[in-house]
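K.L.:
Encoded as structure tokens, here's the structure I'll be asking about.
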Amino acid sequence: MDFDLTDEQRQVRDEVRRFAENEIKPDATEYDTEEKYPREIVEQAAEIGLTGANIPVEYGGVGYDTLTNAIIAEELFAADPGIGLCIQSTAFGADALVGFGTEEQKEAFLEPVATGDAIMGAAISEPDVGSDVSSVSTRAEKDGDEWVINGNKMWITNGSIGDYFVVLCKTDPEAEGRYNGFSQIVVEADRDGFEADKITGKLGIRASDTAELILDDVRVPEENLVGTRGAGFLQLMQFFDETRTGVAAQAVGIAKGAAERALDYAEDREQFSKPISEFQAIQHKLSEMHTQVEAARMLTYKSAWSVDNEDDQLTMLASMAKEFASRVAVEVADEAVQIHGGAGYVNDFDVERFYRDAKITQIYEGTSEIQKNIIARELLGKGMT
Amino acid sequence: MKVLVTVKEVTAVDDEFEIDGLGIDDRYVTADLNEWDEYAVEEAVQLSESLDDVEVVTVTIGPSDAEETIRQALAKGADRAIRVWDDALDDDAMLDPATKARLLAAVAEQEDPDLILTGVQSADDSLGATGVTLADQLGTEWAAVVNALDLDAQAGVAHVHRELEGGVEELTDVELPAVLTIQTGINDPRYASLRGIRQAQSKELAEKTLADIGLDATALDSPIEQTALYEPESEGGATLYEGTPEETAGELAGLLAERGVGQ
Ligand SMILES: Cc1cc2nc3c(=O)[nH]c(=O)nc-3n(C[C@H](O)[C@H](O)[C@H](O)COP(=O)(O)OP(=O)(O)OC[C@H]3O[C@@H](n4cnc5c(N)ncnc54)[C@H](O)[C@@H]3O)c2cc1C
Chain X
1 MDFDLTDEQR
11 QVRDEVRRFA
21 ENEIKPDATE
31 YDTEEKYPRE
41 IVEQAAEIGL
51 TGANIPVEYG
61 GVGYDTLTNA
71 IIAEELFAAD
81 PGIGLCIQST
91 AFGADALVGF
101 GTEEQKEAFL
111 EPVATGDAIM
121 GAAISEPDVG
131 SDVSSVSTRA
141 EKDGDEWVIN
151 GNKMWITNGS
161 IGDYFVVLCK
171 TDPEAEGRYN
181 GFSQIVVEAD
191 RDGFEADKIT
201 GKLGIRASDT
211 AELILDDVRV
221 PEENLVGTRG
231 AGFLQLMQFF
241 DETRTGVAAQ
251 AVGIAKGAAE
261 RALDYAEDRE
271 QFSKPISEFQ
281 AIQHKLSEMH
291 TQVEAARMLT
301 YKSAWSVDNE
311 DDQLTMLASM
321 AKEFASRVAV
331 EVADEAVQIH
341 GGAGYVNDFD
351 VERFYRDAKI
361 TQIYEGTSEI
371 QKNIIARELL
381 GKGMT
Chain S
386 MKVLVTVKEV
396 TAVDDEFEID
406 GLGIDDRYVT
416 ADLNEWDEYA
426 VEEAVQLSES
436 LDDVEVVTVT
446 IGPSDAEETI
456 RQALAKGADR
466 AIRVWDDALD
476 DDAMLDPATK
486 ARLLAAVAEQ
496 EDPDLILTGV
506 QSADDSLGAT
516 GVTLADQLGT
526 EWAAVVNALD
536 LDAQAGVAHV
546 HRELEGGVEE
556 LTDVELPAVL
566 TIQTGINDPR
576 YASLRGIRQA
586 QSKELAEKTL
596 ADIGLDATAL
606 DSPIEQTALY
616 EPESEGGATL
626 YEGTPEETAG
636 ELAGLLAERG
646 VGQ
């Protein structure tokens, strides 16, 4: 058993931290208030390889394993969750292409993301489809050598700024079994009939772009189908453990960012003629926050390590990590605001933003309730129903 | 062409700290690559990108703990690194500039670089003398506090700008081989890319003892010895003017005139 990071992982962590401190932190409030996409920062991040960190080396990326990607997520989100998500989400959906794409698809769609020339997204949720992914109703019908796609996709990260999306569609409604008959199809944003409506007024991660996609008779060539026709849901499921571990790492970053800021503030702020960090009530809060961060990190690292080494134990661990770390993010951000008092209630201090940002980690990539369903299902030895 | 860059791991001290013997208590310090050296490394890497066949070699004097910091330069594009260390060197003892220059000069004699870049100074000791002392010991040309470099590799001449006191800039030509001490701001140091960090893991980082560079422990003999470390007494006394720029500028001017600073 070895809890040490490798030299390389430490160097990655330190350099990403430097980048995040200098390039992300100073402007985070502005992008949050204006709900503006940080294009320049994402471009800079692409230059040092952050947008292609998990894309294989053959396709222009760095090919880092899940643990190293978790370390990167933690550092980016500790600086700013909104901008951190913008950087990490440029490759949303890429895992399907890595796992099941043809050589031509990988070259066409992965390389531009790794080099920062394109942004992609994963479009699964719909206005009436959230936790129950198997009820996806967006329809793709074959017409000659093209797919014709109709339907709406909701809450799509990078929706109004992305270049292409891996869209989960129903291709074979007559297929037997709840999980069959779906396919993943790449849809480019410049196709006729593609429209994106930016969703504004989000509680948190406001730098990140979220949109509704309206697909109205969008035609794409048949080569845009990823993997096996009819197996789209099962293909998607293969990466849930990995993507959930990724969100757990985001949550660890948010919790760490909030806990560090709370510690700094507590040492600085004086009341009753001494720093508030001298009060035991505040000391206990800080102790609990930092302990929770460490516990969440360990669970997340174990899940990430399992993705790379031991995937038998993975599904339950990934859901545990995601559920626990996101809860820690919300609780720690809450306590961080409390330690800041009134100052934490306005955006002069970052913790106000972290408090709002933390919540998303309990919602996307499977809500906390769904994670608990999965953990229980695994505990009770029930299969998927 | 070969460029040798001297790099140093420096310690940054927290605002609040405690002194432990001749140093700062470990709990209050963090290690990082010296800021000036970052600019020197960047300058060398940029040369290697704009000219053909340039090898960038870094050299440091430091214990094995410093390797992680030294790899930063490799991750940013240096080709290989040399680390000088020896049992005769004590972790905590201060090395004066002449001693450091002796060790670095021994490495330079083995490597035979066309150009040596150093930082103007190191962020912890801030003596600002190692680079020029090195040039003196090697008997080469030198220019200190360089904030612009235009290298004519063919002619073997470095056209440099030197930052002098009072905002004066000196333009001068230095014949190679030479030592240039590099000032911050000369370029915009890059971040190490993830790819660079990955590649750096397999780049050569050679450890050399005093014997390996043709010296023995007498090279460490120094007339300078650190005898104490203490924090100077600090006095409060900041005056804060509040109000519009028009009002506060007038108040400040009044104070300066009163103290005899301005006329
Ligand atoms: C900012 C943002 C970005 C997003 N990005 C993307 C994206 O890029 N791509 C994408 O496809 N989607 C994206 N989503 C959608 C996200 O994945 C869904 O919101 C999430 O899966 C929950 O679905 P829902 O909102 O429909 O909630 P619902 O499924 O309607 O859930 C409502 C409530 O009911 C609970 N619930 C539902 N089913 C059960 C059950 N079986 N047992 C117990 N409780 C249950 C839920 O836990 C929740 O508390 C994003 C969402 C947001 C807000």
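Quick note, the sequences are listed as chains X and S, same order. Mapping of the first sequence onto this note's numbering: residues 1 to 385, in sequence order. Mapping of the second sequence onto this note's numbering: residues 386 to 648, in sequence order. Using N, Cα and C, we set each Cβ at its ideal position, and we do this for glycine too.
Can residue 124 of chain X be considered in contact with ligand 1, in the sense that its beta carbon sits closer than 6 Å to one or more heavy atoms?
P.N.:
At least one heavy atom of ligand 1 is nearer than 6 Å to the Cβ of residue 124 of chain X, so yes.
K.L.:
When you compare the CB positions of residue 459 of chain S and residue 451 of chain S, do they come within less than 7 Å of one another, or not?
P.N.:
Taking 7 Å as the Cβ cut-off, residue 459 of chain S and residue 451 of chain S do not qualify as a contacting pair.
K.L.:
Smallest Cα separation from residue 525 of chain S: which of S:627, S:504 and S:490?
P.N.:
If we check each option's Cα against that of residue 525 of chain S, S:490 comes out closest.
K.L.:
Should residue 11 of chain X be flagged as near chain S, meaning a C-beta pair shorter than 7 Å?
P.N.:
So yes, residue 11 of chain X belongs to the interface.
K.L.:
How big is the Cα-Cα spacing for residue 77 of chain X and residue 250 of chain X?
P.N.:
Residue 77 of chain X and residue 250 of chain X: Cα-Cα distance of roughly 6 Å.
K.L.:
Looking at the strands, I want to know which residues DSSP matches up with residue 169 of chain X.
P.N.:
Residue 169 of chain X is bridged to X:183.
K.L.:
Using 10 angstroms around the beta-carbon of residue 274 of chain X, count the other beta-carbons present and answer buried if the total reaches 16, otherwise exposed.
P.N.:
Label assigned to residue 274 of chain X: exposed.
K.L.:
I'd like to know whether the C-beta atoms of residue 259 of chain X and residue 339 of chain X end up nearer to each other than 7 Å.
P.N.:
No, they are not a contact pair.
K.L.:
For residue 48 of chain X, would you say it is in contact with chain S, using Cβ-to-Cβ distances shorter than 7 Å as the test?
P.N.:
At least one chain S Cβ lies under 7 Å of residue 48 of chain X.
K.L.:
Listed in chain order, which residues of the region 9-36 of chain X have Cβ atoms closer than 7 Å to some Cβ of chain S?
P.N.:
Within the region 9-36 of chain X, the qualifying residues are 10, 11, 12, 15, 18 and 19.
K.L.:
Kindly list, in the order they appear in chain S, the residues whose Cβ is closer than 9 Å to that of residue 62 of chain X.
P.N.:
Near residue 62 of chain X (Cβ distances below 9 Å), the residues of chain S are 578, 579, 580, 582 and 583.
K.L.:
Tell me whether residue 221 of chain X sits in a helix, a strand or coil according to DSSP, three-state version.
P.N.:
Strand at residue 221 of chain X.
K.L.:
Quick one: is residue 471 of chain S buried, meaning 16 or more other Cβ sit within 10 Å of its Cβ, or exposed?
P.N.:
By the 10 Å Cβ count, residue 471 of chain S comes out buried.
K.L.:
Starting from the beta carbon of residue 7 of chain X, find every residue of chain S whose beta carbon is closer than 9 Å, and list them in chain order.
P.N.:
What residue 7 of chain X touches in chain S: 452, 453, 456 and 586.
K.L.:
So residue 53 of chain X contacts chain S; which residues on that side make the cut at Cβ distance below 9 Å?
P.N.:
Those are 579, listed as they occur along chain S.
K.L.:
At a CB-CB cut-off below 9 Å, which residues of chain B make contact with residue 460 of chain S?
P.N.:
Absence of chain B from the displayed structure is noted, the protein chains being X and S.
K.L.:
Rank X:123, X:41, X:162 and X:98 by C-alpha distance to the C-alpha of residue 151 of chain X and give the top, closest one.
P.N.:
Answer by Cα proximity: X:123.
K.L.:
For a quick check, are the C-beta atoms of residue 11 of chain X and residue 582 of chain S less than 7 Å apart?
P.N.:
Against a cut-off of 7 Å, the Cβ pair of residue 582 of chain S and residue 11 of chain X comes out as a contact.
K.L.:
So, residue 574 of chain S versus residue 427 of chain S, is the Cβ gap smaller than 7 Å?
P.N.:
Yes. Within cutoff.
K.L.:
Heavy atom of ligand 1 less than 6 Å from the Cβ of residue 130 of chain X, yes or no?
P.N.:
Yes, ligand 1 has a heavy atom inside 6 Å of this Cβ.
K.L.:
State yes or no: is the C-beta of residue 501 of chain S within less than 7 Å of the C-beta of residue 389 of chain S?
P.N.:
Contact: yes.
K.L.:
Per DSSP, what kind of secondary structure is residue 538 of chain S in: helix, strand or coil?
P.N.:
Here residue 538 of chain S sits in coil by DSSP.
K.L.:
Could you pull out every residue in the same chain whose Cβ sits closer than 8 Å to the Cβ of residue 239 of chain X, ignoring the five residues on either side in sequence?
P.N.:
These residues qualify, in order along the chain: 95, 96 and 99.
K.L.:
Taking one C-beta from the region 511-518 of chain S and one from the region 402-415 of chain S each time, how about it: are there three or more such pairs within less than 8 Å?
P.N.:
The region 511-518 of chain S, when compared against the region 402-415 of chain S, does not touch it at the 8 Å Cβ threshold.
K.L.:
Mapping the DSSP letters down to three states, classify residue 156 of chain X as helix, strand or coil.
P.N.:
Correct three-state label for residue 156 of chain X: strand.
K.L.:
Beta-carbon within less than 7 Å of residue 379 of chain X's beta-carbon, same chain only, minus the 5 sequence neighbours each way: which residues are those?
P.N.:
Hits under 7 Å: none found.
K.L.:
Grouping DSSP H, G and I as helix and E and B as strand, with all else coil, what is residue 320 of chain X?
P.N.:
Three-state result, residue 320 of chain X: helix.
K.L.:
Within 10 Å of its beta-carbon, does residue 615 of chain S have 16 or more other beta-carbons around it, so buried, or fewer, so exposed?
P.N.:
Exposed: under 16 other Cβ atoms inside 10 Å.
K.L.:
Please list the segments of the alpha helix (DSSP H) lying wholly inside the region 7-34 of chain X, counting only runs of 4 or more residues, in order along the chain.
P.N.:
Correct list: 7-19 and 28-34.
K.L.:
Closest by CA to residue 141 of chain X, which one among X:171, X:165 and X:118?
P.N.:
Checked all of X:171, X:165 and X:118; the closest Cα to residue 141 of chain X is X:171.
K.L.:
Does the contact criterion of 3 or more C-beta pairs under 8 Å hold for the region 207-226 of chain X versus the region 178-185 of chain X?
P.N.:
At 8 Å Cβ cutoff, the stretches touch.
K.L.:
Would you call the CB atoms of residue 199 of chain X and residue 82 of chain X closer than 7 Å?
P.N.:
It is not a contact, given that the beta carbons lie outside the stated cut-off.
K.L.:
Could you pull out every residue in the same chain whose Cβ sits closer than 6 Å to the Cβ of residue 565 of chain S, ignoring the five residues on either side in sequence?
P.N.:
Once the five neighbours on either side are set aside, the close Cβ partners of residue 565 of chain S are 502, 528 and 531.
K.L.:
Return the chain-ordered ranges of every beta strand (DSSP E) run that is complete within the region 456-533 of chain S and spans a minimum of 3 residues.
P.N.:
DSSP runs (the beta strand (DSSP E)) wholly in the region 456-533 of chain S: 465-469 and 500-504.
K.L.:
For a test of the three-state rule: what should DSSP assign to residue 386 of chain S, helix, strand or coil?
P.N.:
In this structure, residue 386 of chain S counts as coil in the three-state DSSP scheme.
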